């Protein structure tokens, strides 16, 4: 009897041990099943994405021709660097992704919006998407260029979709030079240090950035379509400032056309800046002609 009782007790104990073990295993499975995946830190993601744009260099190949009626760039395929030989109508731009985005924002000031995005802007947008392809959060990049808040000329490039409403969005911002050696010094050679002098320097830098003399001269003399596109940019800029170019563009005189634009823009800048401050140093602080702002926004859905 003792031996049977001992075996019976061992059997009951074994059954209880198994039951308890299964209970713990079941509980463990339940706990594991309810653990949520960690939410990515979008603030760090925004900083990382901005860092990638500011430090990664790329080469963008694009066509200097107008899109055809089907919306297909006729030089896009030929401009891809499949071999060393490229058509004369192809162009190459090299720099950081952020720097190229800044250039695209400046070009947007005088580009014809009704004609769609330029080949250069499309190339830069593609480079941006490729560089941020490894970012796990949703993102948008907004690039703006403006001499000062509410200035009469401004450019903007957006890559990516708007974030949904009522969602937490993290941002990181870069200030990127739009041209080497650009300056908006409050005092030029031999000029008095005045708000008007600040405005003139800013206007001169703006026009030189929009219409760099030598490339612009070559474009006007290069025949279609570059001459038409460049002339159109001049006309749109002059119209925005309310001035005429007195045949300067038709004559191919970049210096005279630029001088007309500088005079008109300097007057607008001086009026706007003078209404805000009479201190030349404070006026110079308001001006940021030489840089564009790259803002990266990230969020998780």
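Residue numbers (the numbering used here): 1 to 301. Beta carbons are placed, not taken as given, at the ideal position from N, Cα and C, and that holds for glycine. Being a predicted model, the structure only gives us computed values, none of them experimental.
Boundaries cannot be given for residue 225, as no alpha helix (DSSP H) includes it and DSSP labels it neither H nor E. By the criterion of at least three beta-carbon pairs nearer than 8 Å, the stretch 285-299 is in contact with the stretch 43-60.
Counting C-beta pairs with one atom in each stretch, the stretch 118-136 and the stretch 90-102 have three or more that are closer than 8 Å, which means they touch.
DSSP, read as helix, strand or coil, puts residue 138 in strand. Taking the CA atoms as reference points, residue 259 sits about 20 Å from residue 228. The three-state secondary structure of residue 176, taken from DSSP, is strand. Scanning the stretch 115-169 from its first residue to its last, the whole alpha helix (DSSP H) runs of 4-plus residues come out as 119-131.
If you look at residue 60, you'll find it in the beta strand (DSSP E) that goes 57-63. Around the CB of residue 140, 16 or more other CB atoms lie within 10 Å, so the residue is classed as buried.
Residue pairing from DSSP places residue 93 in a beta bridge opposite 60. In this structure, the beta-carbon distance from residue 266 to residue 208 does not fall below 7 Å.
Inter-segment contact for the stretch 225-240 and the stretch 270-283 is absent: fewer than three beta-carbon pairs are separated by less than 8 Å. For residue 296, the enclosing beta strand (DSSP E) covers residues 291-299. Here residue 290 is buried: its Cβ has 16 or more other Cβ atoms, across all protein chains shown, within 10 Å. When rounded, the separation of the alpha-carbon atoms in residue 45 and residue 195 is 41 Å. Residues 186, 280, 283 and 284 of the same chain have their beta carbon placed closer than 6 Å to that of residue 198, with the five preceding and five following residues left out of the count.
The beta-carbon separation of residue 64 and residue 287, rounded to 31 Å, does not stay under the 8 Å limit for a contact.
Residue range 254-276 is occupied by the alpha helix (DSSP H) that includes residue 271. For residue 237, the three-state secondary structure derived from DSSP is helix.
Residue pairing from DSSP places residue 171 in a beta bridge opposite 297. The three-state reading of DSSP puts residue 111 in coil, since its state is none of H, G, I, E or B.
In this structure, the straight-line span from the alpha carbon of residue 109 to that of residue 153 is close to 6 Å. Distance from the CA of residue 155 to the CA of residue 169, rounded to the nearest whole angstrom, comes to 24 Å.
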